[in-house]
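To get my numbering, take the position in the sequence shown, counting from 1, and add 4.
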Amino acid sequence: MPGAARYDEIADFYEEGAGRTVADPATAALLDLAGDVRGMRLLDVACGQGRVARELAAGGARVTGLDISAGLLAKARVYEAARPLGIDYVQCDVTAAGVLDGQAFEGAVCNYGLSDIDDLDGVLANVARLVRRGGWFTFSLLHPCFPGWDRDAPSSWPPGQGYYREGWWLARNSGFRGKVGASHRTLSTYLNSLAGHGFGLERAAEPLPGPEWEQRLPGAAPVPVYLVARCRRQ
């Protein structure tokens, strides 16, 4: 079983900040791209406290949620106990070989989680192994090209190092990235890694961030904040 995860120490802070709904622009776009999930067996990678897993299950899917954080999964299981939807939550390192060996899914989602996972090839190899040929993978991210707006919204890459320098970094702010960090990768790295693991891009979205974000810098030119995509397992 995995040891302590970065999010274990901030499980309460994360739930308060991430919310219990799926109304934020990126999550809403992810669910829109997932489409009608009735009767499907789906995988929620880096499921956290289960807000997307619950929405998929409420839509008629049979969902398995994976996360390395025992603290976040404990919260997910509390929700499941209060409102049983048949979700199976599994604590594991989603990059480890043999995760859910022998199981198969028609689709998978990962909401904001890829930049929290240090080994991109490891997680994509497992998703490709677990999703049936012809199935889909839908994910959302803070846009790799996001240049940042203010103290609460740092850029996708370390300030002063630029977009092209990839790797894990810890922001100097009070948000998630200032507490657990993130792995910055260029857009081309994500696209090439997906292609390398047999995923072809079907649709992509860059949803507007909404009025609250847009009011932070009145009059500023719009910049991409989120990236959401649906890929097909070839």
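Positions of the beta carbon are idealized from the N, C-alpha and C atoms, including for glycine.
Quick check on DSSP: helix, strand or coil for residue 150?
Your numbering for residue 150 matches position 146 in the sequence shown. It is coil, neither helix nor strand.
Whether residue 44 touches residue 78 by CB criterion (8 Å):
Position 40 of the sequence shown, counting from 1, holds the residue named residue 44. Position 74 of the sequence shown, counting from 1, holds the residue named residue 78. In this structure, residue 78 does not lie closer than 8 Å to residue 44 by Cβ.
CA-CA distance, residue 28 and residue 91?
Looking up residue 28 in the sequence shown gives position 24. Looking up residue 91 in the sequence shown gives position 87. Roughly 22 Å between the two C-alpha positions.
Among 238, 202, 26, 48, which one has its Cα closest to the Cα of residue 72?
Translated into positions along the sequence shown, residue 72 becomes position 68. Measuring from the Cα of residue 72, the nearest candidate turns out to be 48.
State the Cα-Cα distance for the pair residue 127 and residue 201, rounded to the nearest angstrom.
Counting from 1 along the sequence shown, the entry for residue 127 is found at position 123. Counting from 1 along the sequence shown, the entry for residue 201 is found at position 197. Looking at the two C-alpha atoms, the distance is approximately 10 Å.
Measuring CB atoms only, is the stretch 179 to 192 touching the stretch 139 to 155, in the sense that at least three cross pairs come out at less than 8 Å?
yes
What are the complete alpha helix (DSSP H) segments, minimum 4 residues, inside the stretch 61 to 111?
74 to 86
How would you write the range of the beta strand (DSSP E) that residue 234 sits in, first residue to last?
Counted from its first residue, the sequence shown places residue 234 at position 230. Start and end: 230 to 237.
Three-state class that DSSP yields for residue 119 in the structure shown:
Counting from 1 along the sequence shown, the entry for residue 119 is found at position 115. Residue 119 falls in the helix class under three-state DSSP.
Burial state of residue 178, where buried means 16 or more other Cβ atoms lie within 10 Å:
For the purposes of this step, residue 178 is identified with residue 174 of the sequence shown, where counting begins at 1. So residue 178 counts as exposed.
Roughly how many whole angstroms lie between the Cα atoms of residue 5 and residue 17?
Within the sequence shown, residue 5 is the residue found at index 1, counting from 1. Within the sequence shown, residue 17 is the residue found at index 13, counting from 1. Confidence in residue 5 is poor, its pLDDT being 43 and thus under 50, which makes the residue's placement unreliable; the coordinate value appears in the next sentence. When rounded, the distance between both Cα atoms is 24 Å.
Quick test of the definition: if touching needs 3 or more C-beta pairs under 8 Å, does the stretch 51 to 62 touch the stretch 101 to 108?
no
Which residue marks the beginning of the beta strand (DSSP E) containing residue 178, and which one marks its end?
In the sequence shown, the residue the question calls residue 178 occupies position 174. Neither: residue 178 is in no beta strand (DSSP E) and is coded neither H nor E.
Mark residue 7 as exposed unless 16 or more other C-beta atoms lie within 10 angstroms of its C-beta, in which case mark it buried.
Translated into positions along the sequence shown, residue 7 becomes position 3. Residue confidence for residue 7 is low, a pLDDT of 45 falling below 50, so the modelled location carries little weight and cannot support an answer.
Residue from 115, 211, 216, 234 whose Cα sits closest to the Cα of residue 153:
Residue 153 sits at position 149 when you count from the first residue of the sequence shown. Among 115, 211, 216, 234, the Cα nearest to that of residue 153 is on 216.
When the Cα atoms are used, what is the spatial distance from residue 166 to residue 174?
If you number the sequence shown from 1, residue 166 lands on position 162. If you number the sequence shown from 1, residue 174 lands on position 170. The straight-line gap from Cα to Cα measures roughly 14 Å.
What are the boundary residues of the beta strand (DSSP E) that includes residue 204?
For the purposes of this step, residue 204 is taken as the residue at position 200 of the sequence shown. Taken as a continuous stretch (DSSP letters only), the beta strand (DSSP E) holding residue 204 covers 203 to 209.
Is the distance from the Cβ of residue 87 to the Cβ of residue 237 below 8 Å?
By one-based count along the sequence shown, residue 87 stands at place 83. By one-based count along the sequence shown, residue 237 stands at place 233. No; because the gap between Cβ atoms is not below 8 Å, this pair is not in contact.
Check: residue 68 C-beta below 7 Å from any heavy atom of the ligand SAM
With respect to the ligand SAM, the structure shown offers nothing to examine, as it has no ligands at all.
Spatial distance of residue 54 from residue 162 (CA atoms)
Locating residue 54 in the sequence shown gives position 50, counting from the first residue. Locating residue 162 in the sequence shown gives position 158, counting from the first residue. Each residue's alpha carbon lies about 29 Å from the other.
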